[in-house]
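I have placed the structure first, in the form of structure tokens, so that the comments after it can refer back to it.
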């Protein structure tokens, strides 16, 4: 890509967003992180999308969709007259091409690359083959696509519309080959902005798509700057060199409220930050050890210290808006060091042991200050005899290495929901294919998740999800630490920004007074 001069200040024609980290890739279907999704949301459109500020589904590149009586065959009718940024037409062939890249490990469209292709597995579970939810995808004329599933799936339109699944230009993918989605290979979608330049570690520059089907963007240019430190982002916002940002530290809230040029913008709470344990590790194979770790952590004190009014701690993997799925049998596990030590003794580890605790190198909505939070957890664990060595690594490598044998002993990670169902939280970390980092693969849980996904109404879903809650709580493999209300902020001159719970907003509707 052509490398243009870096933007050091915001102007009326340029909208500048402060991001917490670089995109890992701009290749749709090949991400699992929000830093990548923020930029991809601007380049690509998805088949379905959500009404701003909600999880309510509305048309995207698909104008309508319907299922047969079994809810196993879904037909999507596409928009006509839409073109990719390279001038090639968007149609059913393009949708089928993209889905095959995401879903089929043997697809020639992958160019035999060694990329992770995490997106499909996080949302749908297994790739093509035995166990896959998708049986086939085919065109029905130029503007209809038919998805045939192996089992009923009530939330399929929500799932295929998550921000990971932006529709890319087949011509552009073929031209760039294995370099597609990189600074060299570029990225081409139908979205409100076109990729102009990507300078890793510094910024991504995009220009308005003049023929965007949803209306031309309010700003001619969008710059997404990489500013890993939350305080640095706040300082740039105060100085006016960026227009808006997210994932600020909760203790920045008073500063924002006291600045007449700024406004605090609270994203709806729709996430979970958790500590993930690797059951392949010798001590962590024992459920009593995992439960002892949960008992040792003073999670509510940690939430109060690092999130204040913007975070809560409970024993649910799903956020408060989805609390209808929780089990009434599960009560919050209070910090109890004495009981934790007793469990370690029963497990044969009265003398304690050593573990690595990995913390992310970038701020996320659920962990805005990862290292201090990791230090607090390490202190709690040392009190029961578990000696902790804190470790971290570059963000892209962090995401990759957690899934490579032998994996991390324990690591901090989180999830922001991509669509409005508990399935999106549980499936991604307990469903088929989710065991790479944890070694925890439970057929009973997966069977219940499958039943919940095909349930006809919420009451029926709640019955299955409550059982999932019971089982996952007992296993203590992924320990919830916090559900946060992410702190964003903007210059008061900014207009039109309505953050979505699922981090899916496009910035073309944002302007300046």
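In the numbering used here, the protein residues as written are 4 to 516.
Cβ coordinates follow ideal geometry from the N, Cα and C atoms, glycine included.
In the structure shown, residue 413 adopts extended strand secondary structure according to DSSP, grouped into three states. Membership of residue 78 in the beta strand (DSSP E) is indicated by the continuous run 76-81. Annotation for residue 305: the continuous alpha helix (DSSP H) segment containing it runs 302-310.
By the C-beta density criterion, residue 453 is buried, having at least 16 other C-beta atoms within 10 angstroms. Counting every other CB atom within 10 Å of its CB across the protein chains shown gives residue 141 a total below 16, marking it as exposed.
Here residue 392 carries a strand assignment [DSSP, helix/strand/coil]. Secondary structure of residue 69 (DSSP, three-state): strand. Between residue 376 and residue 309 the beta-carbon gap is near 6 Å, inside 8 Å, which marks them as a contact.
Only residues of its own chain outside the window of five on either side were considered, and among them 350 have a CB closer than 7 Å to the CB of residue 289, listed in chain order. Under the three-state reduction of DSSP output, residue 356 falls in the strand class.
Per DSSP, the continuous alpha helix (DSSP H) segment holding residue 457 begins and ends at 446-457. A direct Cα-to-Cα measurement between residue 439 and residue 403 gives close to 11 Å.
Apart from sequence neighbours up to five positions away, the residues of its chain that approach residue 230 with a beta-carbon distance below 8 Å are 21, 22, 23, 236, 239, 245, 248, ordered along the chain.
Restricting attention to 268, 242, 264, the CA atom closest to the CA of residue 252 is found in 268. For the options 451, 227, 51, the alpha carbon positioned closest to that of residue 160 is the one of 51. As the crow flies, the alpha-carbon of residue 182 is around 14 Å from that of residue 119. Excluding sequence positions up to five before and after residue 442, its CB lies within less than 7 Å of the CB of 281, 282, 283, all in the same chain and listed in chain order. Judged by beta-carbon spacing, residue 148 lies within the 8 Å limit of residue 81, meaning their Cβ atoms are closer than that value. By the neighbour-count criterion, in which a residue is buried when 16 or more other Cβ atoms sit within 10 angstroms of its Cβ, residue 68 is buried. Judged by DSSP in its simplified three-state form, residue 314 adopts strand. Residue 327 sits exposed, since fewer than 16 C-beta atoms from the chains shown fall within 10 Å of its C-beta. Counting the other CB atoms within 10 Å of its CB gives residue 40 a total of 16 or more, which places it among the buried residues. For residue 487, the secondary structure class from DSSP, reduced to helix, strand or coil, is strand.
Under the three-state reduction of DSSP, residue 268 is assigned to strand. Under the three-state reduction of DSSP output, residue 21 falls in the strand class. Secondary structure within the segment 208-253: the beta strand (DSSP E) runs of 3 or more consecutive residues, fully enclosed, are 224-229, 247-251 (chain order). Cβ-Cβ separation between residue 292 and residue 318: approximately 18 Å, too far for a contact (criterion under 8 Å).
Beta-bridge annotation (DSSP): residue 470 is not paired with any residue.
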